[in-house]
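Some notes on the structure that comes next.
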Amino acid sequence: MDGSVEPRFDRTIPAPLRRAARRLASIASPTVVALLAFALCYGAGQRGFFMTDQSFVFDGGYRVYCGQVPYRDFLVPWGPVALWIQAAAFAAGGVDFASYLTTAAVENSLGALLAFQLLRRLFPGSPGLALAAGVMTAAWYYAPFGTPWLEQTGFLFTFVGLNCLTLTLRDPPGQTSRGALLAIAATGGCTVLTFLSKQNAGVFMPGVYLALLGAMFLPKWRALGRAVGAYFGGVALASAAFAVWLASASDPAEFYRSVWVIPASEGGRRLFAQPLEMAEVLLTGKGPEFPRMLLWAGALVGAGVLWRGGLAARTGRASSALRFAAMLCVVLSAYQNAFNKTTEQSGNNGMPYVGLVVACAVGVVVSLRVTATQRATSTLEWFTLPQRLAALAAAAVASLVCMNGVPIGGTACAVLLGHAAGLYPWPSWRLTAWMRRLPLAGSRHLVPLTLLFAASYLTLHGGAIAWRRQTLHIFGPECEFPRRLAVPGLEPLKWGVPTRAHSGRVVTEQDLAELIEYLAAGKRRFFVFPDFALLYGVVGAESPQPLVWFDEGLTYPSEYDPRLDQRIVRELAEHQVDTLVLESATSFEPEAILSDFPQVAAYLRAHFAPARMIGSFEIRERRPALAETQPEQQAKLR
Numbered sequence: 057m058d059g060s061v062e063p064r065f066d067r068t069i070p071a072p073l074r075r076a077a078r079r080l081a082s083i084a085s086p087t088v089v090a091l092l093a094f095a096l097c098y099g100a101g102q103r104g105f106f107m108t109d110q111s112f113v114f115d116g117g118y119r120v121y122c123g124q125v126p127y128r129d130f131l132v133p134w135g136p137v138a139l140w141i142q143a144a145a146f147a148a149g150g151v152d153f154a155s156y157l158t159t160a161a162v163e164n165s166l167g168a169l170l171a172f173q174l175l176r177r178l179f180p181g182s183p184g185l186a187l188a189a190g191v192m193t194a195a196w197y198y199a200p201f202g203t204p205w206l207e208q209t210g211f212l213f214t215f216v217g218l219n220c221l222t223l224t225l226r227d228p229p230g231q232t233s234r235g236a237l238l239a240i241a242a243t244g245g246c247t248v249l250t251f252l253s254k255q256n257a258g259v260f261m262p263g264v265y266l267a268l269l270g271a272m273f274l275p276k277w278r279a280l281g282r283a284v285g286a287y288f289g290g291v292a293l294a295s296a297a298f299a300v301w302l303a304s305a306s307d308p309a310e311f312y313r314s315v316w317v318i319p320a321s322e323g324g325r326r327l328f329a330q331p332l333e334m335a336e337v338l339l340t341g342k343g344p345e346f347p348r349m350l351l352w353a354g355a356l357v358g359a360g361v362l363w364r365g366g367l368a369a370r371t372g373r374a375s376s377a378l379r380f381a382a383m384l385c386v387v388l389s390a391y392q393n394a395f396n397k398t399t400e401q402s403g404n405n406g407m408p409y410v411g412l413v414v415a416c417a418v419g420v421v422v423s424l425r426v427t428a429t430q431r432a433t434s435t436l437e438w439f440t441l442p443q444r445l446a447a448l449a450a451a452a453v454a455s456l457v458c459m460n461g462v463p464i465g466g467t468a469c470a471v472l473l474g475h476a477a478g479l480y481p482w483p484s485w486r487l488t489a490w491m492r493r494l495p496l497a498g499s500r501h502l503v504p505l506t507l508l509f510a511a512s513y514l515t516l517h518g519g520a521i522a523w524r525r526q527t528l529h530i531f532g533p534e535c536e537f538p539r540r541l542a543v544p545g546l547e548p549l550k551w552g553v554p555t556r557a558h559s560g561r562v563v564t565e566q567d568l569a570e571l572i573e574y575l576a577a578g579k580r581r582f583f584v585f586p587d588f589a590l591l592y593g594v595v596g597a598e599s600p601q602p603l604v605w606f607d608e609g610l611t612y613p614s615e616y617d618p619r620l621d622q623r624i625v626r627e628l629a630e631h632q633v634d635t636l637v638l639e640s641a642t643s644f645e646p647e648a649i650l651s652d653f654p655q656v657a658a659y660l661r662a663h664f665a666p667a668r669m670i671g672s673f674e675i676r677e678r679r680p681a682l683a684e685t686q687p688e689q690q691a692k693l694r
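Be aware that the sequence shown starts at 57, since it is given in the numbering used here, and climbs by one per residue.
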């Protein structure tokens, strides 16, 4: 017993019933987290369709499902992991939009459950923290995007890797059993899978994992050396396995060119083109203000605890777990800021770990609470009063200046969290009698209320962003999603009204339904250009050329590539494409893209003639005079 007194109502309940209630709660909490995560992501993904970003994972997975091999048969500027997962989902559930939505919803449930499990391991005596982490993750991990996405797939393996690291906490401090080393090696494998999902999701992860290993094992240098060796051993083993697949089934040279050479220039531009903007984003993040302030406050909590060395006075498993949690607040906040600087996506889509940071920050605070007697004799050395005031001033300045005017609610919550964690306990400044009588003066009330407010508002905020489809910029505030499409393969999709592309043109659900009916009726071999690659899988046609989508400097080099130009022409001819679908409502100007492929443009002009218009889609059919020409001869025409 720890000397605490059980509540009166609890003592009236028989022990078997109390145990049964706890067991039921332990089952109900993860169930609620999983169901909420699935329903929120699935429901959000139904609402609207962004023809560019929501097409290429569908088409890439469909190509793999049909037997095509990445980098050998088609080209993508990222690793194949997300496409393999989507192909497996199509094999299990069929090639349709329901399977597509289910893939994202299942991954969201897994991520939320992994966040729940991580907090349950770090703070086994605080089940509320685990539940809060799971619920917040359900709202921010996958739901803002709604359908399968490359970065989110990579984040899933990071959740797995972090959970693998916590398995090492079972060992006594400074010791690394065989099982712990295997778990750390598995974390290295997860790093490779994250990178092979999306480069910018994985490139910063070695720094995150090494920082966490240092927090767990230092100052035991030998143990740290064994752990780091196991981590890089896992990285090497997973990399070797992928290299074997690449050499035996795919094309290593094309992989290097597509995944590293071409995207590297774009990534460098995003990171280093504007150094001052980069420094600001790395410090303050990108995206909604409220979660950014919570991340900033959580990082402040973790950094303060690690800096002051408050955990050094504790020994055993608790010390390693608390160091892990404190470091997690720092590195995940920094990771999300760095990641968001490398992507041109909405900041709503780059905050998968905000729930973990908030829950870990509060967990560290709760775990470090000490009694009044212990305060007088504790060896914990905390912030002095000037340091506390400086921390509050820094939070205020960051919120009002760096964040360009954060709403007062976000600032207030961040200050409360920073006050509860970084400024408590108060060994060098005793509260006066009247201050102690204030309802929120003691952290006994402040900490749980801060967690309740942050978790509740953060979850509702993330859920509203997902439900309103704010992450996908083509859906304005006036957009509505009144009904599902009556189109085979797209039945769960609720078309956005209006769905407006960058060009200002609107794509209606009637246009899309008529186009699909036209393509399916004649079992046409078609080429859709440039965005709607989802149509191949929906109609059941073969993707006829190597690029999943067209994006200069990302999917194809900025400099003219005659080899790629010729390859597209050759494959269009080999697939005997008889219908060309040109979109006018697109993310990129079609004529500008065609100017980068002069041979493709000449081939399309020579072989296809306008036939009809279906809304924003121009249909061109193969010219009759060339219908009987052999594919080899067609490929030579320019």
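Glycine included, C-beta positions come from ideal geometry on N, C-alpha and C.
Just so you know, these numbers come straight off a predicted model, no measurement behind them.
Alpha carbon to alpha carbon, how far is residue j from residue i? Give it in angstroms, no decimals.
| i | j | result |
| --- | --- | --- |
| A292 | D307 | 20 Å |
| P495 | M107 | Caution is warranted here: a pLDDT of 45 is assigned to P495, below 50, making its placement in the model unreliable, and the coordinate value is therefore given only provisionally. For P495 and M107, the distance between alpha carbons rounds to 53 Å. |
| E677 | L590 | 20 Å |
| D152 | G593 | 7 Å |
| M349 | Y659 | 54 Å |
| F201 | Y287 | 31 Å |
| P262 | L269 | 10 Å |
| A90 | P646 | 42 Å |
| P347 | V410 | 7 Å |
| R176 | A241 | 22 Å |
| A299 | L507 | 45 Å |
| S389 | S651 | 42 Å |
| F644 | Q124 | 26 Å |
| S314 | G184 | 45 Å |
| E400 | R540 | 30 Å |
| Q632 | L139 | 26 Å |
| Y118 | G150 | 10 Å |
| Q173 | G545 | 36 Å |
| S599 | A143 | 15 Å |
| L266 | T398 | 21 Å |
| G285 | A520 | 44 Å |
Can you list, in chain order, the residues of its chain whose CB lies under 8 Å from that of residue i, leaving out five sequence neighbours each side?
| i | result |
| --- | --- |
| P680 | none |
Grab me the residues of residue i's own chain with a C-beta within less than 7 Å of its C-beta, minus the 5 sequence neighbours each way, in chain order.
| i | result |
| --- | --- |
| T515 | V191, M192 and A195 |
| L157 | Y98, G101, Q102, T203 and P548 |
| A576 | V595 |
| A428 | Here the model assigns A428 a pLDDT of 34, short of 50, so the residue's position is not dependable and the matter cannot be decided. |
| L212 | E163, L166 and G167 |
| A381 | L178, C416, G419 and V420 |
| T250 | G210, F213, T214, A257, G258 and M261 |
Determine the closest residue to residue i out of the options, with distance taken between C-alpha atoms.
| i | options | result |
| --- | --- | --- |
| H517 | P344, T158, Y391 and V421 | P344 |
| G258 | V637, N396 and L175 | N396 |
| F664 | P613, Q622, V584 and G609 | V584 |
| S672 | E645, N404 and A641 | A641 |
| Q601 | E608, G245 and E630 | E630 |
| S375 | M272, S314, W277 and G341 | M272 |
| G552 | Y574, G545, A138 and H529 | H529 |
| G181 | A511, L378, A542 and L620 | L378 |
| A569 | L603, V543 and R234 | V543 |
| A309 | R128, A171, K550 and Y513 | R128 |
| V317 | L274, A305 and Q255 | Q255 |
To which residues of the same chain is residue i closer than 6 Å at the C-beta, ignoring the five residues directly before and after it?
| i | result |
| --- | --- |
| A161 | F94, C97 and Y98 |
| R525 | R103, G104 and F531 |
| V563 | T555, A641 and S672 |
| E674 | L638 |
| A415 | L175, L185, A188 and A189 |
| G403 | K342, G343 and N396 |
If residue i and residue j are in contact, beta carbons under 8 Å, what's the gap, nearest whole angstrom?
| i | j | result |
| --- | --- | --- |
| N219 | Y197 | Wrong, their Cβ atoms sit about 14 Å apart, outside the cutoff. |
| T635 | L131 | Between L131 and T635 the Cβ distance is about 23 Å, and since that is not below 8 Å, they are no contact. |
| S423 | F606 | Their Cβ separation, rounded to whole angstroms, is 52 Å, which puts S423 and F606 out of contact at 8 Å. |
| G290 | G245 | 5 Å |
| D567 | I670 | 6 Å |
Would you verify that the beta carbon of residue i is, or is not, closer than 8 Å to some beta carbon of chain D?
| i | result |
| --- | --- |
| G419 | The question asks about chain D, but that chain is absent: this structure has only one protein chain. |
Under 7 Å: does the beta carbon of residue i sit that close to some heavy atom of the ligand ZN?
| i | result |
| --- | --- |
| L603 | Among the components of this structure there are no ligands whatsoever, and the ligand ZN is therefore not found. |
### Query
Three or more C-beta pairs closer than 8 Å, one from the region 617-626 and one from the region 640-657: is that the case here?
yes
### Query
Taking one C-beta from the region 374-387 and one from the region 354-365 each time, how about it: are there three or more such pairs within less than 8 Å?
yes
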